[in-house]
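For the sequence shown, the numbering used here gives the first residue as 21, with consecutive numbering after it.
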Amino acid sequence: MLDLLWVTLAAGLAGFVDAIVGGGGLILLPTLFAVHPSALPATLFGTNKAAAIGGTAWACSQYARRVTMNWGTLAPAAVTALLASFAGAWLVTMVPATGLRKALPLVLLVVLLYTLWRKDLGRVHAPHLSPRREALRGSAIGAGIGFYDGFFGPGTGSFFVFLLVRALGYDFLHASAGAKLLNTATNLAAIALFAAKGHVWWHVAAVMAVANVIGSLLGARLALRHGAGFVRGIFIAVVSLLILRTGWDALRL
């Protein structure tokens, strides 16, 4: 029961962070690995996805009510993200993700430095591409990060947010809204694969999912109330913590 309490509290906090800017895996995955050190990694990945999808989908619905979603871009991006995530989840059941674990802190550091350097990045919502080009770029983002999410996962929401801001000209609030839709798709595909291979602890995931939705509700309301500048600040904080966490993990490999 104590183990379940710890992972449930972590799921609630992860939902709160994820709803604002992504990066909930920074909290929930390490907790699962710490509480269940002898479990198969694929099982913990699958349980994490099953717990997180409810909160991500709920946050997406909250954003959709208050923020204009460009469905012409986001719908095809969600489809490519779903398919790519399924492929990534299949691959992680076959090979380890050691190389990605070592490279991830460096990639995140580049993202952080670029965001700090471009102080105006993501403050104004100014899409600048034609509908066709935006849809193509969105689909490429969905495919690339979707595959990464299925295969490994930490920081997926933050990567989606950053690329929607950088490549499509979204502000951080609209990017966070779009990221929730794409992340819901990647989680759904990964869950389908992990469940088919028996890598989900449903009894644990169900309890964590309730806490995750509650945390997500609070986080989405906070982001919608305070806008793009607030989401940018949380993004910088979350990516900084991701660098520290993934850097520590890489040093221990």
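Ideal placement from N, C-alpha and C gives every residue a C-beta, glycine not left out.
Residue i classed as buried or exposed, judged by whether at least 16 other C-beta atoms fall within 10 angstroms
{"i": "THR88", "result": "exposed"}
{"i": "LEU124", "result": "buried"}
{"i": "SER150", "result": "exposed"}
{"i": "PRO14", "result": "No information on residue 14 is available, as it lies outside the stretch 21 to 273 that the chain covers here."}
{"i": "MET21", "result": "exposed"}
{"i": "ARG265", "result": "buried"}
{"i": "ARG138", "result": "exposed"}
{"i": "VAL220", "result": "buried"}
{"i": "LEU201", "result": "buried"}
{"i": "VAL115", "result": "exposed"}
{"i": "HIS132", "result": "Note that residue 132 is Leu in the sequence shown, not His. LEU132 is buried by the Cβ-count criterion."}
{"i": "ALA30", "result": "buried"}
{"i": "LEU213", "result": "buried"}
Short Cβ contact (7 Å threshold) for residue i with residue j
{"i": "THR93", "j": "ALA195", "result": "no"}
{"i": "ALA296", "j": "LEU193", "result": "What the structure shows of the chain is the stretch from 21 to 273, and residue 296 is not part of that stretch, so it cannot be assessed."}
{"i": "ALA209", "j": "LEU102", "result": "yes"}
{"i": "ALA79", "j": "ASN232", "result": "no"}
{"i": "VAL27", "j": "THR63", "result": "no"}
{"i": "PRO177", "j": "GLY74", "result": "Residue identity differs from the one stated: residue 177 is Gly in this sequence, not Pro. Contact: no."}
{"i": "GLY239", "j": "PHE167", "result": "no"}
{"i": "THR67", "j": "ALA225", "result": "yes"}
{"i": "PHE179", "j": "ILE165", "result": "yes"}
{"i": "LYS122", "j": "ALA215", "result": "no"}
{"i": "VAL227", "j": "VAL41", "result": "no"}
{"i": "GLY158", "j": "ALA95", "result": "no"}
{"i": "ARG86", "j": "LEU242", "result": "no"}
Integer Cβ distance of residue i from residue j, believed to fall under 8 Å
{"i": "PHE255", "j": "THR135", "result": "7 Å"}
{"i": "ASP169", "j": "SER105", "result": "5 Å"}
{"i": "ALA70", "j": "ILE211", "result": "5 Å"}
{"i": "ALA197", "j": "TYR83", "result": "4 Å"}
{"i": "PHE171", "j": "LEU111", "result": "5 Å"}
{"i": "ASP191", "j": "GLY142", "result": "5 Å"}
{"i": "PHE65", "j": "GLY173", "result": "7 Å"}
{"i": "GLY35", "j": "ILE234", "result": "7 Å"}
Run of the alpha helix (DSSP H) containing residue i, from where it starts to where it stops
{"i": "GLY189", "result": "Neither: GLY189 is in no alpha helix (DSSP H) and is coded neither H nor E."}
{"i": "PRO151", "result": "151 to 171"}
{"i": "GLY51", "result": "Checking the sequence shown, residue 51 turns out to be Thr, not Gly. Residues 45 to 55."}
{"i": "MET228", "result": "222 to 271"}
{"i": "ARG86", "result": "61 to 86"}
{"i": "VAL144", "result": "Premise fails: VAL144 is in no alpha helix (DSSP H) and is neither H nor E."}
{"i": "THR113", "result": "Neither: THR113 is in no alpha helix (DSSP H) and is coded neither H nor E."}
{"i": "GLY218", "result": "It is not in any alpha helix (DSSP H) - GLY218 carries neither H nor E in the DSSP assignment."}
{"i": "GLY32", "result": "22 to 41"}
**Item:** Three-pair Cβ contact test at 8 Å for the segment 44 to 61 versus the segment 181 to 189
**Value:** no
**Message:** With three or more beta-carbon pairs closer than 8 Å as the criterion, would you say the segment 199 to 213 touches the segment 256 to 264?
**Reply:** no
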